[in-house]
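The sequence shown runs -25 to -1, 1 to 76 under mature numbering (1 follows the signal peptide of the UniProt record, and there is no 0). Idealized CB from N, CA, C, for every residue including glycine. Owing to the predicted nature of the structure, the values given are computational and were not obtained by experimental measurement. Everything below concerns the one structure shown next.
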Amino acid sequence: MKQQVKRLLLTTSVALLVAPISAYAHPGRTDANGGHTCRTNCEKWGLQYGEYHYHNKPASSSGTTSPAPSQNNNGAVEAERQAEAQHNAEAEKQRAGRRTA
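This is the structure we're talking about:
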């Protein structure tokens, strides 16, 4: 009987220690303002590709997010971002088509 109680306590303790470790986060570091631009699996997080959002600091009082200001005027980088967004949109359409079939 004592053995079963010890085993139960040990199992419960381990479960309680491990539970807080499993948090749901998304990729991307934050900048000095506590936010970043979404570029990976944005739809999964309820965001649009390229949408700037905050984590450590509340957004404006209206509660809206906006695109991050461009830190460089490199057209090639913007073209690459647009191509990636288009690719992601096409992939999502294909996945949606498979779900309905």
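- Residue environment: His28 is assigned as buried (16 or more neighbouring CB atoms within 10 Å of its CB, all protein chains considered).
- Under DSSP, the beta-bridge partners assigned to His28 are His11.
- Here the alpha carbons of Thr5 and Ala64 stand approximately 25 angstroms from one another.
- The Cβ atoms of Gly25 and Ala66 lie no closer than 9 angstroms to each other.
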